[in-house]
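Engineer:
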Amino acid sequence: MPELPEVETIRRGLHSRIIGKTISGAHNYDSPKSFPNATADITQFLQGATVTDVSRRAKVLLIELSTGYTLVTHLKMTGQIIFIAPITSRHSTDSNPVILSVSEESSSTLEDPSVKPQDDTRNVRWGGGHPSDSFMRELPDNTTREHIDFTDGSRLYFNDLRKFGWMKLYPTSEVPNIDFMKKVGPEPLLDDFTGEVLWERLQRRKNTSIKAAILDQTVLAGVGNIYADESLWGARIHPATLVKNVPKASILQLAEEIKAVMNLSIEKGGSTDKNYVNAEGKKGSYLSFARVFRREGEPCPRCGTTIVKTRVAGRGTHLCPTCQTKQ
DNA sequence: CACTTGACCTGTCCGC
DNA sequence: TGCGGACAGGTCAAGT
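Quick note: the first sequence, position 44, residue 32 per the working numbering, numbers continuous.
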């Protein structure tokens, strides 16, 4: 599922590919959450618009257009953005479709069963498929929700198996007034996000579990289930510990852990971006670097205790019962 | 206001 | 083999 580092990777991939391109048309497939106020033909809202910027806030992708509108996209769990270069340049180095995000579930449908590993507590799903499977796939497929055509013949697909995601068009001036944008917390990777900031923002969530608190996008932006588990392991905090019982020193360390896992992940995403043949392949996927996430049954890399999976804040939660003790 | 739970979706996996 | 149910998780609405 796309989390902050993946959305950032997508942003970078799009930034270098679609800025300056002009939209010639668009199509809305079966996507009731997208363009709710538009007519069936969304082309009239997009045609002639040139992409002027691609940015990101939390897990939200923002494609700014010359017409004073911004395409706002949330991929939620299974969203993908797939860029396909113009047919005329298919023989160039940028010849293949670029999958900028491969969701966990839908990528599994692309897997070649013959290469599925036997040792499977980690569930190969995440990027387990060979990239060529994706490239060979016909688009649009049954997960395609939107596509946008550019005048140079390139096309952007928005695929989303579970239909949780959406793509909406807002006046650019209204974007800061979107509820989510108003409420979302600080970006963890900006310099002004510090342990002190995290500590302060956690003060209004003192009676909930630390995991629920950092998953709360109004506390800070971009932490999903994976980074929650990974960073809490890094800071040696049991995910179910109530915020008020977590020592301040641990909160300060937690902030550093969040930055670290996200930076590592973006780094890997960045390398993915370079040889974009491998969008979420085995190599470069941050899950290969995960210390606890989806590693139940494996030894803790710090102390060797078997990692367990439990449920905290309604989410599957992975932890080391020795390193992370509840307070 | 703080906090928790269910809903939104669909495909996969597991147990019967 | 088929079938039902649990599960995956980001966010919001509705509940306590």
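Quick reminder that beta carbons are idealized off the backbone N, C-alpha and C, glycines included. What you are looking at is a predicted structure, and each value in this text was computed from that prediction instead of being measured.
#1: Quick check: the region 127 to 145 against the region 67 to 75, are at least 3 beta-carbon pairs closer than 8 Å?
#2: What's the C-alpha gap between Phe277 and Cys308?
#3: Skipping 5 residues on each side, what residues in its chain have a beta carbon closer than 6 Å to that of Tyr274?
#4: Tell me the rounded alpha-carbon separation between Pro235 and Lys170.
#5: Thinking C-beta only, is Thr229 closer than 8 Å to Ile202?
#6: Tell me which residues share the same chain as Ile7 and place their Cβ nearer than 6 Å to its Cβ, disregarding the 5 neighbours each side in the sequence.
#7: Between the Cα of His15 and the Cα atoms of Gly1, Thr31, Ala46 and Gln68, which residue gives the shortest distance?
#8: In whole angstroms, what separates the C-alpha of Leu59 from that of Gly285?
#9: What are the uninterrupted segments assigned as alpha helix (DSSP H) that are 4 or more residues long and contained completely in the region 208 to 250, given in chain order?
#10: Would you give the residue range spanned by the alpha helix (DSSP H) that Arg(-1) belongs to?
#11: Rounded to a whole number of angstroms, what is the C-alpha to C-alpha distance between Leu127 and Asn147?
#12: Quick check on DSSP: helix, strand or coil for Lys256?
#13: In its own chain, which residues sit with a C-beta less than 7 Å from the C-beta of Glu(-9), not counting the 5 before and 5 after it?
#14: Suppose contacts are defined by Cβ-Cβ distances below 8 Å. Is Tyr17 in contact with Glu134 by that definition?
Structural biologist: By the coordinates alone:
#1: yes
#2: 16 Å
#3: Ser253 and Lys256
#4: 29 Å
#5: no
#6: Val39
#7: Thr31
#8: 43 Å
#9: 213 to 222
#10: Leu(-8) to Ile6
#11: 10 Å
#12: helix
#13: Lys47, Gly210, Gly212, Ile214 and Tyr215
#14: yes
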